[in-house]
Each structure stands twice: as structure tokens, then as C-alpha cells.
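The numbering of the sequence shown is full-length UniProt numbering, which starts it at 1 and goes up by one.
Let me begin by presenting the structure, written as C-alpha cells, before commenting on it.
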Amino acid sequence: MSSTQSRYHGVYARWKADPEGFWADAARAIDWIKPADKTFDPTAGAYGQWFPGAVCNTCYNAVDRHAATRGDQAAIVYDSPVTNSKRTISYAELKDEVATLAAVLQDMGVQKGDRVVIYMPMIPEAAIGMLACARIGAIHSVVFGGFAAKELATRIDDAKPKAILSASCGIEGARVIPYKPLLNEAITLSAYKPDACLIYQRPQCAASLVEGRDADWQAEVAKARQAGRRAECVPVASTDPLYVLYTSGTTGKPKGVVRDNGGYMVALKWTMDHFYGVEPGEVFWAASDVGWVVGHSYIVYGPLLHGCTAILYEGKPVGTPDAGAYWRVIAEHGVTTLFTAPTAFRAIKKEDPDAALLKHYDLKGFRALFLAGERADPDTVKWAEDILKVPVIDHWWQTETGWPVAGNPLGLGALPVKHGSPTVPMPGYALDVLDEGGQSVGRGKMGTIVVKLPLPPGCLPTLWQAEDRFRESYLATYPGYYNTSDAGYIDDDGYVWVMGRTDDIINVAGHRLSTGSMEEVLASHPAVAECAVIGVKDSLKGEVPCGFVVLKSGVRQNPEEVEKELIGLVREKIGPVAAFKLAITVPRLPKTRSGKILRGTMKKIADGEAWTTPATIDDPVILDEIGDVLKGRGLTH
1 MSSTQSRYHG
11 VYARWKADPE
21 GFWADAARAI
31 DWIKPADKTF
41 DPTAGAYGQW
51 FPGAVCNTCY
61 NAVDRHAATR
71 GDQAAIVYDS
81 PVTNSKRTIS
91 YAELKDEVAT
101 LAAVLQDMGV
111 QKGDRVVIYM
121 PMIPEAAIGM
131 LACARIGAIH
141 SVVFGGFAAK
151 ELATRIDDAK
161 PKAILSASCG
171 IEGARVIPYK
181 PLLNEAITLS
191 AYKPDACLIY
201 QRPQCAASLV
211 EGRDADWQAE
221 VAKARQAGRR
231 AECVPVASTD
241 PLYVLYTSGT
251 TGKPKGVVRD
261 NGGYMVALKW
271 TMDHFYGVEP
281 GEVFWAASDV
291 GWVVGHSYIV
301 YGPLLHGCTA
311 ILYEGKPVGT
321 PDAGAYWRVI
331 AEHGVTTLFT
341 APTAFRAIKK
351 EDPDAALLKH
361 YDLKGFRALF
371 LAGERADPDT
381 VKWAEDILKV
391 PVIDHWWQTE
401 TGWPVAGNPL
411 GLGALPVKHG
421 SPTVPMPGYA
431 LDVLDEGGQS
441 VGRGKMGTIV
451 VKLPLPPGCL
461 PTLWQAEDRF
471 RESYLATYPG
481 YYNTSDAGYI
491 DDDGYVWVMG
501 RTDDIINVAG
511 HRLSTGSMEE
521 VLASHPAVAE
531 CAVIGVKDSL
541 KGEVPCGFVV
551 LKSGVRQNPE
561 EVEKELIGLV
571 REKIGPVAAF
581 KLAITVPRLP
591 KTRSGKILRG
601 TMKKIADGEA
611 WTTPATIDDP
621 VILDEIGDVL
631 KGRGLTH
């Protein structure tokens, strides 16, 4: 669809002319127990408050209202290649499961406003646990299953949960990871002790329970069911927290991003239709984890609020069993829309560069691929477009915003694609690009991307128990704006270009250069599967870029040859000013479990600075491998 057919510009202009009227209209798609006193109160909180005075329940909107009208429709389809099991849960069944677990939580003493930490693998019970908390007004805080005990302990101390929901184990590829020893250690390490833990016993690994504190999930649910115990939806204020989700802070102390009930529902419901272009009843798949913001917004809440069928997938893009895993899930469950991280597609492209496995599956109902979580390099986007023959849409948002800041709104009619740009800001976000002095740099110039306050509904109103830290982290640097800490520019057509975190801009002999633009060039080489560019210390130039590349499977070319070609390519495309003279082939790149490359840690290793293994890392051994490669090249300081 061309930009002339897209409704985007009209919709964005309507929001800009009357933000309150725009969001009041969007709020009509939600069932309120009591409507808001007004749409927005500019005097409340750090930058104002959306839908003050409204009373609602998020679980009711996501589950109960659909159970009444589309009870037999699948709400959640669980697909687990790692355990070779599948399960479909209808909206009517989901309501019963959620209400029963919510009654168990109430029996454990959990009340409205209490926190519940959820430390779970990708199984339906994780989503049921989240919804059960929402049902009774408890605030959930999901911690990625298998997270290190020390990291879990810091989150327990910060959230002070009344109860913890966990499982006996998680499964990563072929490895079974027992969770209970990690949970026990975390509770030992934490100063704050929860009253109770509810443990879901998985057949792959049984957990022993601590007497007086731990209860068996299946046994407690069976007891409640037998006694006919079901919890009703508890009314909460629209501005009450629905959840706290921790994101790593620069100080090492995690930042608890708070999400409210009302504004979040309004924003998510709006995006399902107008942004993702999905209809109620259709199958939506976010291939992420409930431990991340994408899992909260687009595995659990977004699709269910919209009356879709959500896919909950316990597996990987490759290796469970092969690089055709995603095609199987799409074909088997009739997925219309997939949302995943670019790294998943880079992994598929590396293993199956010609997409030979795609030929075995019928993707006739598949309409669109959305990519987010890190920068989508143009090469990967083009590859996905070529093999799938559907729109491939990069979009940009953050844990803090909870939903897309910029993207190509399929539901409003897609705009022309510019590879490397997540397209345009969504209604609610007035973006600008500022220099270090807080001045707008104008079109086409690089700086820090900021959002003019107030933030739209669904974004964080504050950090958990840390209002001062919230202001200091996000609002103090540029008064009147939310600081995204992402660097980039806005072009003459109003397209946003996000080139990396502000610390991914390197200063080479006084020239500010984006590592993202260099990665784009490296990724365009036919032998390269994925890459990362970091700035390493240099006594003469301050910093010089260093590129790490992973080659595609089956590449016959000599790695040294590829490295030489890459250096030439960056010189040709960006120019000698980049001073790009280091391209290093490595077997793999260190990543978080959500697929983000750990560039900051790689930089510390290269610069010889003290570094710690990030809690979110997928495989810690890779960092040692990177260190060895750098030492072998005589590059560590």
C-alpha cells in the first residue's frame, strides 16, 4: 500500500490536534467498571496521569469478556518442541484456570496491591499466573526463568513479594535447568523473605519442597477446584500498577519499570488493530519470552485484550529441531502475524541461507513479520522479504514504553519501507533529536532521540519505589522530554533512524560515528550471518571501530579474505574517516536470551576494563572466547 492510501498521516495529525480526544476515543474499546473523571491530569505524577478516577480490571478485559462471547475459541496455543507437547486452552477454559489459581493465591494471603514474583519457563502456567495476579489486583513481577540466584535475590528485595510462583525446571534446547535450587539460593541471599512459594512440578525434573513455605501448584489448584473456589475480578484504579518489570540499570541496581492498568490496556488494544493490523479471532505469535516486555505486551495482554489466539512457544528459532521451526508453527497453527527479534532471523539465515526448509510448509494465511528488540539490519530485512513475500516491518520501542514508539502501521495502511528505519512515530509520541546541550539538531543530523512529555498511555509513570531515580534516569537530562538514550536522526520525510544506544556512538578523532551504520555495511557482505561493531580505546584517535563477524554456515571463503573485504567495504561505503581497520571473525557473538548482542561487555573486554557476566547472558562461555580471540590478535589493553 502506498503512502497515499495509508491513513497514518491523518490519524497522527488527529492525535496531535487533540491528544485527549484521541485517547478518550481509544478508551471506548475497553470495558470500564467506572469511566475516568477526565482523560488526562497534567498535575499528577512526574509528567501527568492518564484516565485518573477510572476503575477497571485487566484480567476481565483480557479473559472474562471474551469467555462470554467467544468461549470456545482458542485463547492460548502452547507449542513446545523441547518437550514434544502441545496444548490448546479456550477462553472459557482460561477463565476457569485463571480464576482457580487466583483463589489459590488469595488462600496464600495475597491481596490487592501485594507483589507476586513469577519465575517461570515458557509454559501456559506463566501466563495464567500473570492473569491470576491481575484478576485479584496483585502486582506481578516476572523474572526470566533460570535467571541467576543473585539477580533474582535483588529483584525479591526490591519488589518484596508476598508470594513467588515458580516451576521445577526450564528447558533450554536439550538442557534441563532445575529452577528450585536457584530459587532457594535467591531466597537465602535476599534480606526480604516471601511468605509462600507455589511450585509447578514438571515431569522433566521434580523439585523438593521446603516445609512451611512451599506448596505444590497442581495439588493446590486441584483442591481449590474440588472446593469450587473461584476468585472474582477485583476492581482496581486505572492508575494502580498492573506489574513491575525489571530492566538492567547502569548502577547494577535493577530498575523496576511500573506499568499501570488502564493506560496500558488502551494502548495495547489500539496497537493490535491499528498497528499490527490483526483482527479478533486471528492467530498472533510473539516469539519472545514472558520474562521480557514483548512477552507481557504481545504474548499475554495485547492479543488477549483483542480477542486473538496467542501462541506460547517453548523452543528456539533453530535447533528445536532445525531452522524450519518457525515455518512449522506458522503453518500448523494458522499464524497470520509473527513478531520476533531480528537475531532470530539472523540465526535462521545462518543455518539455512537459501531457506530450503521453508518449501516444506504452507504459509498461505501468513500476512506479516514484525521485528523489534534491537536494530533490524537491512540485509536481514531484505532476506526475510525475499523468502516470505510479505511485509517485513521493523519497529522500535523499549521496556519503558511498553508498546511501539515508531513503526510502519500495517493496520492504517503501510507506508513505503526505507530499509534500516523503523519508519514513523506512532500517535502519542512527539519525537525530536537533541544535541548534548538540549538543542534540536534539525532533520538529518545525529543526536539523542527524545519524546516530548507527556508520554502516551501505557508508558511507565515511574520506577517502583524510586520516583527520584525515575526523574534522574529519564526526565532530568532534557527538561520537558523523556530521554530514550537511543541515538539517531529523523530524515526529511519524518522517518526515524535509530542507530543504537547513545553509548554506541563512537568518537573517532573528533568525528561522531554510528556503529549501527558500520554494522549495516558488514551485514551486506554475502558471507556474513551477523555482526557487531564496538569502539575500542586508541591512544591516537580516542576510539577506533572493531567489527566482530560470524560467517554463514557453509561459507568456503577463507576468513582472512572475508576480513580484508569487509575493511574495504566499510572504507568504500562510509569513507576513510571511519578508520575501520579491524574485522575479526568469531564463531558466535555473546547475547542476552532475548537476542540482544552484549556490545558494552565486549567493549569492556577489549578495553581491558573490569567486567561482570551480565545476568541475562545466554551462554557465558562466549565472553571468554571473545577475550581469547582479542588476546590472540594482541588487541586487549
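By construction, the Cβ of each residue, glycine as well, lies at the ideal position given by its N, Cα and C atoms.
{"Item": "In angstroms, rounded to a whole number, what distance separates the CA positions of LEU189 and ALA68?", "Value": "45 Å"}
{"Item": "On the DSSP bridge list, what partners appear for THR337?", "Value": "PHE284 and ALA368"}
{"Item": "CB PRO19 to CB LYS38, shorter than 8 Å?", "Value": "no"}
{"Item": "Is the region 541-558 touching the region 351-360 in the sense that three or more CB pairs, one from each, lie closer than 8 Å?", "Value": "yes"}
{"Item": "Leaving out five residues on either side along the sequence, give the residues of the same chain with a beta carbon under 8 Å from the beta carbon of VAL98.", "Value": "CYS59, VAL63, ILE128, LEU131, ALA132 and ARG135"}
{"Item": "Over what stretch of residues does the beta strand (DSSP E) that includes SER485 continue unbroken?", "Value": "481-490"}
{"Item": "From the DSSP secondary-structure annotation, give me the bridge partner or partners of HIS419.", "Value": "DSSP output for HIS419 lists no bridge partner at all."}
{"Item": "By the three-class DSSP mapping on this structure, what secondary structure does THR69 have?", "Value": "helix"}
{"Item": "What did DSSP end up calling GLY413 once you bin it into helix, strand or coil?", "Value": "coil"}
{"Item": "Determine the extent of the alpha helix (DSSP H) in which MET265 is found, giving its start and end residues.", "Value": "262-270"}
{"Item": "Taking Cβ positions, are ALA191 and ASP214 nearer each other than 8 Å?", "Value": "no"}
{"Item": "Give the straight-line distance between the Cα atoms of ASP273 and ARG367, rounded to the nearest whole angstrom.", "Value": "14 Å"}
{"Item": "For ILE348, which option in THR337, SER485, VAL381 and GLY334 has the closest C-alpha, if you only look at C-alpha atoms?", "Value": "VAL381"}
{"Item": "Please look up how many angstroms separate the CB atoms of VAL433 and ILE449, rounded, as I've assumed it's under 8 Å.", "Value": "6 Å"}
{"Item": "Taking the continuous beta strand (DSSP E) assigned at LYS537, which residues delimit it?", "Value": "528-538"}
{"Item": "Can you give the Cα-Cα distance for TRP327 and TYR361, rounded to whole angstroms?", "Value": "6 Å"}
{"Item": "Three-state secondary structure (DSSP) at TYR361?", "Value": "coil"}
{"Item": "Taking contact to mean 3 or more Cβ pairs, one atom from each stretch, closer than 8 Å, check whether the region 216-229 and the region 385-397 are in contact.", "Value": "no"}
{"Item": "Could you please give me the residues that DSSP links to ASP352 through a beta bridge?", "Value": "Looking at the DSSP assignment, ASP352 forms no beta bridge with any residue, so it has no partner."}
{"Item": "Could you give the DSSP three-state label for ARG556: helix, strand or coil?", "Value": "coil"}
{"Item": "Would you mind reading off the limits of the alpha helix (DSSP H) that contains GLY319?", "Value": "Premise fails: GLY319 is in no alpha helix (DSSP H) and is neither H nor E."}
{"Item": "Just how far apart, CA to CA, sit LEU242 and LEU268?", "Value": "14 Å"}
{"Item": "Could you give the DSSP three-state label for GLY302: helix, strand or coil?", "Value": "helix"}
{"Item": "What would DSSP say about ALA127, mapped onto helix, strand or coil?", "Value": "helix"}
{"Item": "Can you pull the DSSP bridge partners for ILE617?", "Value": "THR592"}
{"Item": "DSSP beta-bridge partners for THR88?", "Value": "VAL77"}
{"Item": "Would a C-beta distance cut-off of 8 Å place LEU582 and CYS546 closer than the cut-off?", "Value": "yes"}
{"Item": "So which of GLY634, LYS631 and TRP32 has the shortest CA-CA distance to ASN261?", "Value": "TRP32"}
{"Item": "Nearest to GLN204 by alpha carbon, out of TYR301, ASN184, SER85 and ALA224?", "Value": "SER85"}
{"Item": "What distance in whole Å lies between the Cβ atoms of TYR8 and LEU412, which are believed to be in contact at a cut-off of 8 Å?", "Value": "5 Å"}
{"Item": "Do the region 108-119 and the region 195-202 make contact, defined as three or more Cβ pairs closer than 8 Å?", "Value": "yes"}
{"Item": "Rounded to whole angstroms, what's the CA-CA distance from VAL629 to ASN61? Just pull it up for me.", "Value": "52 Å"}
{"Item": "Does the Cβ of VAL290 have 16 or more other Cβ atoms within 10 Å, making it buried, or fewer, making it exposed?", "Value": "buried"}
{"Item": "Identify every residue that forms a DSSP beta bridge with LYS150.", "Value": "Per DSSP, none; premise fails for LYS150."}
{"Item": "In whole angstroms, what separates the C-alpha of LYS162 from that of VAL244?", "Value": "14 Å"}
{"Item": "Where does PRO425 sit, in a helix, a strand or coil, going by DSSP?", "Value": "strand"}
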